[in-house]
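As structure tokens, the structure follows; a few thoughts come after it.
4 protein chains.
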Amino acid sequence: MIEEPAAKTRTLEQFDAELAASGLKGFWRIDTRTSEPRTAVQPYVWRWPTLRRHLEQARELIHVDRSAERRALQLINSGLSPRSATTHSFVTAVQLIKPGDVAPTHRHTPTAIRFIVEGHGAYTTVEGEQLIMDEGDLILTPNWTWHDHGNESDGEVIWLDGLDVPLVLALDAYFFEPYHQERQPVVYPPNDSTRRYGAQLRPFGHRQTPVFSPQRAYRWRDTYATLAHLAALGEADRYDDVAVEYLNPSTGGHALPTLGCVMQLLRPGSRTRAHRHTSSAVYQVFRGQGYSVLSGQRLSWARGDVFALPPWAWHEHANASSSEEAILFSINDVPAMEALALYRDQEYPEHDGHQPEDAMG
Amino acid sequence: MIEEPAAKTRTLEQFDAELAASGLKGFWRIDTRTSEPRTAVQPYVWRWPTLRRHLEQARELIHVDRSAERRALQLINSGLSPRSATTHSFVTAVQLIKPGDVAPTHRHTPTAIRFIVEGHGAYTTVEGEQLIMDEGDLILTPNWTWHDHGNESDGEVIWLDGLDVPLVLALDAYFFEPYHQERQPVVYPPNDSTRRYGAQLRPFGHRQTPVFSPQRAYRWRDTYATLAHLAALGEADRYDDVAVEYLNPSTGGHALPTLGCVMQLLRPGSRTRAHRHTSSAVYQVFRGQGYSVLSGQRLSWARGDVFALPPWAWHEHANASSSEEAILFSINDVPAMEALALYRDQEYPEHDGHQPEDAMG
Amino acid sequence: MIEEPAAKTRTLEQFDAELAASGLKGFWRIDTRTSEPRTAVQPYVWRWPTLRRHLEQARELIHVDRSAERRALQLINSGLSPRSATTHSFVTAVQLIKPGDVAPTHRHTPTAIRFIVEGHGAYTTVEGEQLIMDEGDLILTPNWTWHDHGNESDGEVIWLDGLDVPLVLALDAYFFEPYHQERQPVVYPPNDSTRRYGAQLRPFGHRQTPVFSPQRAYRWRDTYATLAHLAALGEADRYDDVAVEYLNPSTGGHALPTLGCVMQLLRPGSRTRAHRHTSSAVYQVFRGQGYSVLSGQRLSWARGDVFALPPWAWHEHANASSSEEAILFSINDVPAMEALALYRDQEYPEHDGHQPEDAMG
Amino acid sequence: MIEEPAAKTRTLEQFDAELAASGLKGFWRIDTRTSEPRTAVQPYVWRWPTLRRHLEQARELIHVDRSAERRALQLINSGLSPRSATTHSFVTAVQLIKPGDVAPTHRHTPTAIRFIVEGHGAYTTVEGEQLIMDEGDLILTPNWTWHDHGNESDGEVIWLDGLDVPLVLALDAYFFEPYHQERQPVVYPPNDSTRRYGAQLRPFGHRQTPVFSPQRAYRWRDTYATLAHLAALGEADRYDDVAVEYLNPSTGGHALPTLGCVMQLLRPGSRTRAHRHTSSAVYQVFRGQGYSVLSGQRLSWARGDVFALPPWAWHEHANASSSEEAILFSINDVPAMEALALYRDQEYPEHDGHQPEDAMG
């Protein structure tokens, strides 16, 4: 089939044309060489000073109201252009909310998470529950829940958004609806769901197993206490050092069915081994400084920086300090990949698990 | 078959005898009238002053060591004699541990729980994790885990034990093994599992779903905060007022596969409606005073009292105070009954859900 | 505590008496030696010629109607007297139904299975579905389902019943109700559930996951085809040779939550290795002849014989023929033991997995 | 923000440019009107005479070997160009295999199904199991299983392929590997898995719960018997008449985690009500003739025709014959949509559930 006489080639070309006219395409001239995932996602780092400076500009230029519902900067992975996405399956943004802001209420089928980078006292209201934000907290906004943001405190708050919009769009399942008022009524006391579900208890006799965590906020104080406990015990993973995932207390599974959230403590001086997996991730540096080697490129990072890990890209992390902890928050698409039986991973097989590298950051 | 001629009766009697000689028994003269569960379990209340006085006597008489591994008083339901059991499926006891005591290490297939009634500072060590006790805490000792108790503080601690020994014996599955030393080594820091699992987090990428909760202790402070939150919201159950069950954070299911544990707040002045279920329960009054109506008998109760609820017995509860909360801790066999598809319940259908009653307590 | 001075002994005796008067019992003089399950269940074999002869007598003596609802002979394990039980958790019986019999309709919380030993053409109706019996079939009667038996054919049918009555009684959960008529209406075509669920299909969009299998009958033809297929491939288990369990097609789990059913083909000349488990079992020889070694006793068996395996008893099986298959049907309590986390097993560690034995059968 | 003075507009344009240079994009000028999924998938019908004629041409032109591994015609949805896809999440093709063909062995992360449209006697070998094809059968090729096709019979076979390639590509998870030989060794007897799992049995004591069905073939004879049984009972769904889904016998869940397969019998004269759902589907007419109304367009269909249903498109079906059954096989992405919590559906609310329509087919 590969080296055909000219007559046959002509015949096949004619056949191809006939097929195309019938909405068909021959499936025989196919690439049958061994192949691994190719991705348009680029490894990339967004620097905090830049992000912060642009947020400050946006604070002056953008008035949040019905005509501009959010004051957020999406982190655009250039490889995915013209899609607005940070990896192929989700988009992240940094968002600033200042005293007095009211970001109007809406709901959509994409699921969102918020990770609070700086400040405290602003809120997100999700389905009638007002969740007060504090640095290091994680807040969930499941698929199709009404939500709005506001700030009745006297300080600014900056957070990282993560939304599975690219995944939802790829599946043609994007629904959006504005609320008929700017703010939804608050029907529960502040932080209700954490107080309800945070202690491994459940109303007796009323088991429910929602796929979205009914607990909507996870507090930094608790998260850090757990990380510090595990770090003190030396319970480290070879690829992620000390890392924990946020869970759905009703099932013990992932907090959300599409997005996973991880908080990771790299102990002073630690350096992990490289591996890769079919899931992608976006990391935000919450504490400390260090570097990661992504696809052989070293990206150094410091407090506030955000970087994108493409799927099936080798990666390893290092804390550059021998005395201070480094802490990375990250979002990934592990739950989706597992649910579809597409999650695979592999350890870097050479050089004691470390990639040869070219400096980049 | 019921009124047979004498000849036939003689024939049948002879046949019965022949069958018996062959290890057989005719199955035809059977009671086919509608019937509901009959139980030997009696509703009963053990008064705290009595329990406490006997514990004090035991404190003087019993020296805890290899020859007397525990200083505990089993609560014996007279209807179950000669079995040592509080209900047909589990046994409860009150146990006192004084400064310096070491209750030796062993393990067994019965699963145990401890609910701390008074005092603080003693410990249970379970599989290398030392769990420090405080009033109102719940501690789990799953099936076949090494455990010992001790008290290095300067005060006494009293707790309620619950063990599914009768169930395990009924299933011919009782294994027991002493440890080769009095105390097992402590290999984790104090309260490790609560610090590890108490914040809805899990080591990233390492999902396990054990049927026994990996969290071994549930703190009163957290339990009460949740109850108070739900009570403030008025989220009450018609039969149990404000009641929460302890969960396994790895699965969102019952903390243990055979025994269930519940903490229940009866709001000031509250009175619940009657129902019954195939599960049995033992309650300990942790705060306040009130009464319960069990099978039409009123049992008044106060702090520390323990009472037994037979299976399929109507019951309802009331807080006698119009200003103070009443709080009941209870153990039940709901997880076992559900697992075997034998759980059934029914609301009391008359008199607005309240039983006519005879005073008893 | 063990060798006490007389004064102390008197004091303790007095204390014991005081405790008993208060519904209490000291828990300190306890046996803390290593122990394994003790059971009252005896290994025992009921011979088919005896069973059959007694069934024939019963056929003449017992007229099945509202006064004698069933014509069944329970297999009584003498060790469990005065309980009517074959093992500690379930009872088995052989039952004969002759042309024209109508065994009236009732329901109860014990779950039943029927294994058809001889004949064909009788029926059991379960919740409106008439299940026609044929030799080697298994029929399920889940907890609380209306059921009656009858025979509109012209031949006798004999089956083996298994019911978890002892377990349900131990849990105080026995409910019984007669139907208001002798026969319930038949609302589905014969063998409806097998035709509905037997092909790994389900009505699109209507998933349900009942804990009791919605398929009520499993046909010998299918069971044998599967066994023969696996036997031809040599896919044998070291303890059971070629053995399959009946499943719930809605969940892939056990067909029933309390009782397990197994069909087992011992290939010509095969001899399995010994093991033991906390589950008990009752076997009926469906084809062939051979022997089993139970707790060191050899029990030879032939077509129709029934034998009981106590929990935690060593056992191994052998087909005595070098040319014919031997086939054993068995009932066990594995699902209950697993659900309660009490299932344990162990391989016989010596003599290449074979027990030294005393002849018995 | 909407009507800005020119100066502000210029400022914002400049800001946008600065953001773009930093890999950022302002998220404020967003469409916040209510919206529902938009899809590029077009409703379309491929006619069987056309498909068959082109397959016959391909039979003459294409020699199946290492240079042309398959003789298949992909059904291209023009709305998705330049992607080769039938809906946004999967691709279908018709494939012809003639006597003597050997389609070489490979594996890939896309999951495939084959539905046999015509003929019998060809085979697919999946992981060492040779599955013999017969008209109406469904054969599964899970993610990453070695598979090859061949035909040692003397007749041609035509089947419909379905693969989740677009989904796997959207998730950047495409792996492909050729086998080192043309054919993989056959290590099981023909149709092993159906014989092993087809009777609701499992090797005793060896539970496994793979997310891909271990049964690899579902036979038309069994499928039709189930449909006919349900049809005779009138157990019809309002949207699909009598429809069954293929299951994974190990779990009772979908046979595959990404693709669902359904066989649907439209009884003579039946006409279903319209609904829509976020899942897409491709139907092949296996028996009979009728029409479907998709997004208000009537598509008539007959034996062998294939048609595509876009996500969130209203649709209803009718059997045009008052005496003959019509039978539709279909593939959908329901399992993926459910796993990601993106499945939603809606009944057509007007005109008794029927769309006003324009004739198309």
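Residue numbers (the numbering used here), protein chains in the order written: chain A, 104 to 464; chain B, 104 to 464; chain C, 104 to 464; chain D, 104 to 464.
The beta carbon of each residue, even a glycine, is placed where N, CA and C say it ideally should be.
Predicted model only: the values in this text are computed from it and were never measured.
Rounded separation between residue i and residue j - CA only
{"i": "E460(A)", "j": "Q400(A)", "result": "5 Å"}
{"i": "D448(B)", "j": "G231(C)", "result": "25 Å"}
{"i": "V290(A)", "j": "P245(A)", "result": "18 Å"}
{"i": "P313(B)", "j": "A358(B)", "result": "10 Å"}
{"i": "W151(C)", "j": "P269(B)", "result": "36 Å"}
{"i": "E172(D)", "j": "R155(D)", "result": "20 Å"}
{"i": "L199(C)", "j": "H252(C)", "result": "11 Å"}
{"i": "L372(A)", "j": "Q311(D)", "result": "Going by the sequence as given, residue 372(A) is Gly instead of Leu. Rounded to whole angstroms, G372(A) to Q311(D) spans 42 Å at the Cα level."}
{"i": "T142(A)", "j": "A276(D)", "result": "9 Å"}
{"i": "N294(D)", "j": "E338(C)", "result": "16 Å"}
{"i": "R390(C)", "j": "L402(C)", "result": "16 Å"}
{"i": "P292(A)", "j": "S398(D)", "result": "45 Å"}
{"i": "G182(C)", "j": "L164(B)", "result": "40 Å"}
{"i": "T214(D)", "j": "I235(C)", "result": "41 Å"}
{"i": "R298(B)", "j": "F307(B)", "result": "16 Å"}
{"i": "F315(A)", "j": "Y446(A)", "result": "20 Å"}
{"i": "W404(B)", "j": "G239(B)", "result": "18 Å"}
{"i": "F432(C)", "j": "D267(C)", "result": "17 Å"}
Buried versus exposed call for residue i [16 or more other C-beta atoms within 10 Å across all chains shown]
{"i": "Q387(A)", "result": "buried"}
{"i": "S426(D)", "result": "exposed"}
{"i": "A110(A)", "result": "exposed"}
{"i": "A124(B)", "result": "exposed"}
{"i": "A120(D)", "result": "exposed"}
{"i": "Q303(A)", "result": "buried"}
{"i": "S184(C)", "result": "exposed"}
Cβ shell of residue i (< 8 Å), same chain only, five flanking positions each side left out
{"i": "W149(D)", "result": "L178, D408, V409 and F410"}
{"i": "V197(C)", "result": "L154, L158, A175, L176, L178, V220, I261, W262, L263, D264 and V409"}
{"i": "R376(A)", "result": "R341, Y342, E419, E450, Y451, D455, G456 and H457"}
Same chain, Cβ closer than 7 Å to residue i, five either side skipped, listed in chain order
{"i": "S383(D)", "result": "V144, T190, H191, S192, L412, P413, P414, N435 and D436"}
{"i": "A334(A)", "result": "V345, L368 and R370"}
{"i": "Y349(A)", "result": "L241, Y321, A358 and C364"}
{"i": "P272(C)", "result": "Note that residue 272(C) corresponds to Leu in the displayed sequence, not to Pro. Excluding residues within five positions, none has a Cβ falling inside 7 Å."}
{"i": "L122(B)", "result": "K128 and G129"}
{"i": "P140(C)", "result": "T381, P414 and W415"}
Cut-off 6 Å between Cβ atoms - residues of its own chain near residue i, not counting five sequence neighbours on either side
{"i": "S87(C)", "result": "Since the first residue shown for chain C is 104 and the last is 464, residue 87(C) is missing from the structure and cannot be characterised."}
{"i": "R374(D)", "result": "A421"}
{"i": "R169(B)", "result": "P207"}
Taking a Cβ distance cut-off of 7 Å, strictly less, list which residues of the segment 197-211 of chain C are near chain D, in chain order.
none
Could you tell me which whole beta strand (DSSP E) segments of length 3 or greater appear in the segment 136-181 of chain A?
147-149 and 175-178
Could you name each continuous alpha helix (DSSP H) segment of 4 residues or more that falls completely within the segment 197-262 of chain D, going from the start of the chain to the end?
none
In chain order, which alpha helix (DSSP H) runs of at least 4 residues are fully inside the segment 257-345 of chain B?
268-273, 295-300 and 323-336
Taking only beta carbons into account, state which residues of the segment 283-308 of chain C come closer than 8 Å to chain D, listed in chain order.
Y291, P292, D295, R298, R299, Y300, G301, A302, Q303, L304, R305, P306, F307 and G308
With 7 Å as the C-beta to C-beta threshold (strictly closer), list the residues of the segment 345-363 of chain B near chain F in chain order.
This model lacks chain F altogether, as its protein chains are A, B, C and D.
Please identify, using Cβ separations under 9 Å, the residues of the segment 121-143 of chain A that lie next to chain D, in order along the chain.
E121, L122, A123, S125, G126, L127, K128, G129, F130, W131, R132, I133, D134, T135, R136, T137, S138, E139, P140, R141, T142 and A143
Let me know the beta strand (DSSP E) ranges lying completely inside the segment 349-382 of chain C, each 3 residues or longer, listed in chain order.
363-369 and 378-380
Ignoring anything shorter than 4 residues or poking outside the segment 424-454 of chain A, list the alpha helix (DSSP H) runs there in chain order.
437-442
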